[in-house]
Amino acid sequence: MKKLFAVLLALTMLFSCTAVLSEERVGADPDLVAAAQAEGELIVYGSCEEDYLAAAVNHFQELYGIKTQYQRLSTGEVPTKIEEENGNPSADVWFGGTNNPYDGLAAKGFLDNSYVPANAAHLTKDIYKDPNGYWYGIYTGLLGFMVNKDELARLGLEAPQSWDDLLKPEYKGLIWLSNYKTAGTPKLVANLMIQLKGHDEGIQYLVDLDKNVQVYTKSGSGPSKNVGTGECVIGIGFLHDGITQIIDNGYENVQLVVPSDGTACEVGPVAIFKGAKHPNAAKLFMEYALSPECVEQAANYGSYQFLVLDNATQPQAAIDFGLDPSLVWDGYDFAAAAADTEKNVNDVMEAIAAAGADTGAERFKTE
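Letter by letter, the sequence shown follows residues 10 to 376 of our numbering.
Structure representation (structure tokens):
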């Protein structure tokens, strides 16, 4: 009995020490921690992959004893929900996804920039935060193509190496992208094409690309999840999602392609909603999200984005696959993208419809 008690005591001390060390890695101000714990609750909308979202939220709850709930929504769904709530948000913070929809909510006054996280000092570049402090980045990911090597070989086709290659007639019906209205990924595609080619030429490119696209998934990671099975032969999306399919799901038939004619990157942010009901818990979550304690968990749950904090250890898989953020086209203008995203997306959808394409829900998925 004494031996059992000693073992239990040792385990309790170990868990206690681990929790203390974890809190030290977050480095939050004790007064903020106390204020957040007094509120006792936090609600998170998350747009990263659900396994990582759940792990991050649960660990925050374990560290601070704050009851934390989350809901996984695409980066297109969150703005719709927050705008409908019009200043009375049902969540406190937004975690992960792509930055373009965050820019849209910030421009409409639905994000709060009154708190500057201390841990934001660890961001490696200014582009990894909103210039007005509405959001702060936790990771970045390269845009590119994921292809099924077996299916391409069966069809006698080479893998596309550039954006212009995707327009080749032999790829008709083989390409998947995500829905411009529900996901952040295609918003980045639209911004990139317009910046690379000019507005009218970029819109025309996307109309021409549409002729080869079989389906537009609701979520940005949707195409990647169907490449390994061969249902999707060429998926446009973030290449770290392809790594997940290769490493975690065993699809060694998936090949990753960084477009030779230029690419862009997402920044996965964290932000506080204006009018948050648990403002101190939200601030504490910001500090946690911008710490190694949070971001280094990602690779354990199939998320292999490059991390943007100078005190965090990069996931080895991202390094091994060469998904270096320096591959981003150096002419990409993040500020212009933030200002133009909504217009660009509307212009693309109007042009696709005007060309007579099918824009129904069977093809542009919303569920």
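Where is the CB? At the ideal position from N, CA and C, for every residue including glycine. None of these values were measured; they are calculated from a predicted model.
Evaluate the contact criterion for the segment 58-68 versus the segment 76-94: three or more CB pairs, one atom per stretch, below 8 Å.
yes
Taking the runs of the beta strand (DSSP E) that are 3 residues or longer, which of them lie wholly in the segment 162-225?
184-187
Going by the CB atoms, is the gap between K138 and Y145 shorter than 8 Å?
As a first step, residue 145 must be located in the sequence shown, where it is residue number 136. As a first step, residue 138 must be located in the sequence shown, where it is residue number 129. Going by C-beta atoms, Y145 is nearer than 8 Å to K138.
Buried versus exposed call for S269 [16 or more other C-beta atoms within 10 Å across all chains shown]:
The count along the sequence shown starts at 1 and reaches residue 269 at position 260. Answer is exposed; the Cβ neighbour count stays below 16.
Assign E93 to one of two classes, buried (16 or more other C-beta atoms within 10 Å of its C-beta) or exposed (fewer than that).
For this step, residue 93 is matched to residue 84 along the sequence shown. With fewer than 16 other Cβ atoms within 10 Å, it is exposed.
A348 versus I256: straight-line alpha-carbon distance, rounded:
Position 339 of the sequence shown, counted from the first residue, corresponds to residue 348. Position 247 of the sequence shown, counted from the first residue, corresponds to residue 256. Rounded to the nearest angstrom, the two C-alpha atoms are 37 Å apart.
Leaving out the 5 sequence neighbours to the left and right, which residues in its chain are closer than 7 Å to N320 when beta-carbon positions are compared?
As a position in the sequence shown, residue 320 is number 311, starting the count at 1. Result list for N320: H131, P301, in chain order.
When the Cα atoms are used, what is the spatial distance from D60 to G106?
Numbered from 1 along the sequence shown, position 51 holds the residue referred to as residue 60. Numbered from 1 along the sequence shown, position 97 holds the residue referred to as residue 106. Looking at the two C-alpha atoms, the distance is approximately 13 Å.
Is DSSP giving N157 helix, strand or coil here?
Stepping through the sequence shown from its first residue, residue 157 is reached at position 148. Looking at N157 - three-state DSSP - the assignment turns out to be strand.
Boundaries of the beta strand (DSSP E) in which T77 is found, first to last residue:
Your numbering for residue 77 matches position 68 in the sequence shown. Run containing T77: 76-81, per the beta strand (DSSP E) assignment.
What do you get for A308, buried or exposed, if any count of 16 or more other CB atoms within 10 angstroms of its CB means buried?
If you number the sequence shown from 1, residue 308 lands on position 299. A308 should be labelled buried.
Contact between the segment 99-118 and the segment 209-219 is defined here as three or more beta-carbon pairs at a separation below 8 Å; is this criterion met?
no
When we look at the beta-carbon of N355 and count the other beta-carbons within 10 Å, is it buried (16 or more) or exposed?
If you number the sequence shown from 1, residue 355 lands on position 346. With fewer than 16 Cβ atoms within 10 Å of its Cβ, N355 is classed as exposed.
Considering Cα atoms alone, identify which of R372, G193, K352, R34 is closest to V222.
Translated into positions along the sequence shown, residue 222 becomes position 213. Among R372, G193, K352, R34, the Cα nearest to that of V222 is on R372.
Is it true that the CB of N122 sits closer than 8 Å to the CB of Y143?
Counting from one through the sequence shown, the residue named residue 143 turns up at place 134. Counting from one through the sequence shown, the residue named residue 122 turns up at place 113. Against a cut-off of 8 Å, the Cβ pair of N122 and Y143 comes out as a contact.
Taking DSSP as the reference, what is the three-state secondary structure of E376?
In the sequence shown, the residue the question calls residue 376 occupies position 367. In this structure, E376 counts as coil in the three-state DSSP scheme.
Using DSSP with H/G/I as helix, E/B as strand and the rest coil, what is A363?
The residue labelled residue 363 in the question sits at position 354 within the sequence shown. Here A363 sits in helix by DSSP.
Residue interval of the beta strand (DSSP E) (run including C394):
Residue 394 lies beyond the residue range present for the chain, which begins at 10 and ends at 376; the question has no answer from this structure.
Cut-off 7 Å between Cβ atoms - residues of its own chain near N353, not counting five sequence neighbours on either side:
The residue you call residue 353 lines up with position 344 of the sequence shown. The residues are A199, N200, I203.
In the structure shown, what three-state DSSP assignment does K117 receive?
Indexing the sequence shown from 1 puts residue 117 at position 108. If DSSP states are grouped into helix, strand and coil, K117 belongs with coil.
If you scan the segment 285-337 from start to end, which runs of the alpha helix (DSSP H) of 4 or more residues do you find wholly inside it?
288-298, 301-304, 325-329
Among E179, Q46, F343, which has the Cα closest to the Cα of P140?
Locating residue 140 in the sequence shown gives position 131, where the first residue counts as 1. Out of E179, Q46, F343, F343 has the C-alpha closest to the C-alpha of P140.
Just mark N95 as buried or exposed, buried being the case when its beta carbon has 16 or more other beta carbons within 10 Å.
Translated into positions along the sequence shown, residue 95 becomes position 86. Exposed: under 16 other Cβ atoms inside 10 Å.
According to DSSP, is V42 helix, strand or coil?
Along the sequence shown, read from residue 1 onward, the residue named residue 42 stands at position 33. In the structure shown, V42 sits in a helix (DSSP, three-state: H, G or I).
Close Cβ partners of T375 (< 8 Å) along its chain, the five nearest in sequence each way excluded
In the sequence shown, counting from the first residue as 1, residue 375 sits at position 366. For T375, where only same-chain residues beyond five positions count, the Cβ hits under 8 Å are N188, K190, T191, K227.
Ignoring anything shorter than 3 residues or poking outside the segment 238-262, list the beta strand (DSSP E) runs there in chain order.
243-247
Residues that DSSP places opposite I52 in a beta bridge:
Your numbering for residue 52 matches position 43 in the sequence shown. The partner list for I52 (beta bridge, DSSP) reads Q78.
Our contact map puts V236 next to V263 with C-beta atoms below 8 Å; I'd like the distance itself, whole angstroms only.
Here residue 236 refers to the residue found at position 227 when the sequence shown is read from its first residue. Here residue 263 refers to the residue found at position 254 when the sequence shown is read from its first residue. That belief holds up - the Cβ atoms of V236 and V263 are roughly 5 Å apart, short of 8 Å.
Three-way DSSP call (helix, strand, coil) for K134 in this model:
The residue you call residue 134 lines up with position 125 of the sequence shown. Coil.
Of all the options L72, A37, I136, which has the alpha carbon lying nearest to the alpha carbon of A345?
Your numbering for residue 345 matches position 336 in the sequence shown. Answer by Cα proximity: I136.
In three-state terms, what does DSSP make of E371?
As a first step, residue 371 is located in the sequence shown; it is residue number 362 there, counting from the start. Three-state DSSP puts E371 in coil, outside helix and strand.
Comparing alpha-carbon positions, which option in G193, D217, L218, L215 lies nearest C231?
For the purposes of this step, residue 231 is taken as residue 222 along the sequence shown, with counting starting at 1. Position check: residue 231 holds Gly in this sequence, whereas Cys was assumed. Looking at the Cα atoms, G193 is the closest of the given residues.
With a 10 Å radius around its C-beta and 16 neighbouring C-beta atoms as the bar for buried, classify L205 as buried or exposed.
For the purposes of this step, residue 205 is identified with residue 196 of the sequence shown, where counting begins at 1. L205 is buried by the Cβ-count criterion.
May I ask you to report which of helix, strand or coil DSSP gives Y111?
The residue given as residue 111 occupies position 102 in the sequence shown. Helix at Y111.
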